[in-house]
Amino acid sequence: MAKAENAELVFVPLGGVGEIGMNFALYGYGPPSAREWIVIDVGVTFPDASLPGVDLVLPDTRFIEENLANLRGIIITHAHEDHYGALLDTWPKLKAPVWMTPFSAGLLEAKRQGEQGAPKIPVTIYRAGEKFTVGPFEIEAIPVAHSIPEPMSLAITSPAGTVIHTGDWKIDPEPTIGPKTDEARFRAYGDKGVLALICDSTNALREGESPSRSALVESQIGARTPLSP
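Numbering (this note's numbering), first residue to last: 8 to 236.
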């Protein structure tokens, strides 16, 4: 990839940074006058007591609506509501191509069928380990451990370099759902060099280790086992 004159890579989070939920991230590449954009995740968040009567909060998409001519696609990392829950509501305004894993696409279709008037969204399927191109970006899907099937981290490469967008993930040696995080791919990108790690992992800034999810399940099962007489 050759870097164009005056081109730069920018990251614009419209939700999900410094807060829980409503993940909506923009990556743009190119000169300011002709920058091409992709969206990573389109999530909702749940209101607190300051918003009585409100069921869901959607991301403010006005910035990218003003740049629709240069929006190349939407990529969903996984099918938790805070990462894909606003897609049916926002897609009619954006109408960009959408990439999802098979499981996420299946949940989206089930959700659409349960919401009267929800749009039918054309989806391109991607799978773990695959590479695909969206606008000026080459994307590699890296499987990670999380509490839902088919969560993905994304290696996003442009002529400016590579950014790793983790989505929700955990280094869990014994996940209860799906494979372990593909640490080898993270190391490979680390060896080549990355510009930034855009990371989303609960308690990641706390020292120490989090227990494996399988250990938590076993402890809960044990807590519910009746005592022998």
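Positions of the beta carbon are idealized from the N, C-alpha and C atoms, including for glycine.
Chain-order list of residues whose beta-carbon lies under 8 Å from that of residue i (same chain, five-residue window excluded)
i: P104; result: R79, G80, I81, P129, T131, V141
i: P126; result: L95, W98, P99, R119
i: G50; result: G22, G23, G28, M29, N30, F31, P66, H87, E88, D89, H90, Y91, G92, A93
i: E12; result: P38
i: L16; result: Y34, G35, Y36, S165, A167, G168, V170, L202
i: I228; result: In this predicted model, I228 has a pLDDT of only 49, less than 50, meaning its place in the structure is not dependable; the value taken from the coordinates is given anyway. The answer is none, since no qualifying residue turns up.
Inter-residue spacing [alpha-carbon to alpha-carbon] between residue i and residue j
i: S111; j: T183; result: 18 Å
i: E43; j: V19; result: 13 Å
i: N30; j: H172; result: 12 Å
i: E181; j: S154; result: 12 Å
i: V170; j: A76; result: 24 Å
i: G136; j: G121; result: 32 Å
i: A117; j: P54; result: 24 Å
i: V151; j: Y36; result: 26 Å
i: E147; j: R194; result: 14 Å
i: F144; j: D62; result: 35 Å
i: E26; j: R69; result: 20 Å
i: E216; j: T52; result: 27 Å
i: N210; j: Q123; result: 38 Å
i: A14; j: L204; result: 21 Å
i: S226; j: S40; result: Only weak support exists for where S226 lies, its pLDDT of 49 falling under 50; the value from the coordinates is given anyway. S226 and S40: Cα-Cα distance of roughly 56 Å.
i: L101; j: A56; result: 30 Å
i: L212; j: T108; result: 29 Å
i: K138; j: S160; result: 12 Å
i: C206; j: L115; result: 24 Å
i: G174; j: E214; result: 21 Å
i: V46; j: G113; result: 20 Å
Residues near residue i by beta carbon distance below 7 Å, same chain, minus five either side
i: K10; result: P166, A167
i: E73; result: none
i: H192; result: It should be pointed out that residue 192 corresponds to Arg in this sequence rather than to His. So the list reads I149, once near-sequence residues are dropped.
i: P156; result: F110, I184, G185
Nearest-angstrom beta carbon gap, residue j and residue i [assumed within contact, 8 Å]
i: I83; j: D48; result: 6 Å
i: K177; j: T188; result: 7 Å
i: A162; j: Y196; result: 6 Å
i: H85; j: P186; result: So it is not a contact: roughly 14 Å between Cβ atoms.
Cβ-heavy atom distance, residue i to the ligand SAH, below 7 Å
i: I184; result: Absent from the structure shown: the ligand SAH. Ligands present: none.
Close Cβ partners of residue i (< 6 Å) along its chain, the five nearest in sequence each way excluded
i: E190; result: none
(message) To test your reading of the DSSP string, which unbroken beta strand (DSSP E) runs of 3 or more residues are found completely within the region 155-226?
(response) 159-165, 168-175, 203-207
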